[in-house]
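Going by this note's numbering, the first residue of the sequence shown is number 473, and it counts up by one from there. All C-beta atoms, glycine included, are put in the ideal place defined by N, C-alpha and C. The model shown is predicted, which means the values in this text are computed figures rather than measured ones.
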Amino acid sequence: RAVVTLNEEYETRFLCCSAQEWEAMGVEQLRLSTVDLTGVPTLENLYKGVDFILKHRAYGNSVYVHCKAGRSRSATMVAAYLIHLHHWSPQEAIEAIAKIRPHIIVRHKQVQVLEAFHRNMTAGTAA
């Protein structure tokens with residue numbers, strides 16, 4: 473079991489498990505701090521997150537990807553995973569997520585980083 477946390481440290485201090493608590497429950501945590509509302513996961517962090525998810529999925533583990541509201545930062549990370557997994561365009565990935573979570577908000581800057589991720593995946597290059 474694994475969790476990708478896209479929150480900044482201050483956001484999770486009182487509302488989420490600490491790294492030690494996750495570990496005590498047998499859950500590996502990857503924290504990729506991203507500023508709320510205006511923040512965009514970096515291309516490098518998208519690769520780190522997708523690699524982490526792929527590693528755990530290969531072992532048959534569930535992976536929980538979260539931010540504060542589950543609307544933007546986590547949706548961007550899951551879209552990157554779907555782009556990698558299914559060779560989808562960013563728009564296809566966003567639409568697939570929106571069918572399940574219609575309240576997501578993927579902003580222009582997040583779409584731009586997903587487009588860069590997609591271009592790199594298509595070209596076979598990494599960050």
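Identify which residue in the options has its Cα closest to the Cα of residue i.
i	options	result
T548	G532, V535, A565	A565
L586	G532, N517, L509	N517
A530	M593, R473, T597	R473
I577	I555, G542, H590, H556	G542
F524	H580, H556, E493, V507	H556
E481	V499, A496, D508	D508
K540	T594, P562, C489	C489
H538	R573, M497, N592	R573
H580	N533, Q563, K520, V535	Q563
H590	E567, K571, H558, H575	H558
N479	M497, T594, G511	G511
Would you list the one or two residues that DSSP bridges to residue i?
i	result
E493	The partner list for E493 (beta bridge, DSSP) is empty, contrary to what the question assumes.
E500	A474
Measure the C-alpha to C-alpha separation of residue i and residue j and round it to an integer number of angstroms.
i	j	result
L515	T597	12 angstroms
W560	Y553	10 angstroms
A551	I569	7 angstroms
T506	W494	20 angstroms
P513	A588	12 angstroms
H575	Q584	20 angstroms
T594	G532	26 angstroms
E567	A496	36 angstroms
N592	K571	26 angstroms
Which whole-angstrom value describes the C-beta separation of residue i and residue j, a residue pair presumed to lie in contact below a C-beta threshold of 8 angstroms?
i	j	result
V475	V499	6 angstroms
S546	Q582	Not really, about 11 angstroms apart at Cβ, beyond 8 angstroms.
T477	Q501	6 angstroms
K520	L504	6 angstroms
Checking contacts by CB at 8 angstroms: is residue i closer than that to chain D?
i	result
L509	As a matter of chain content, chain D is missing from the structure shown, which is built from one protein chain.
Checklist entry - Where in the region 513-567 do unbroken runs of the alpha helix (DSSP H), each at least 4 residues long, occur, reported from the N-terminal end onward? => result Every alpha helix (DSSP H) of 4 residues or more that sits fully in the region 513-567 is shown, in chain order, as 515-530, 545-558.
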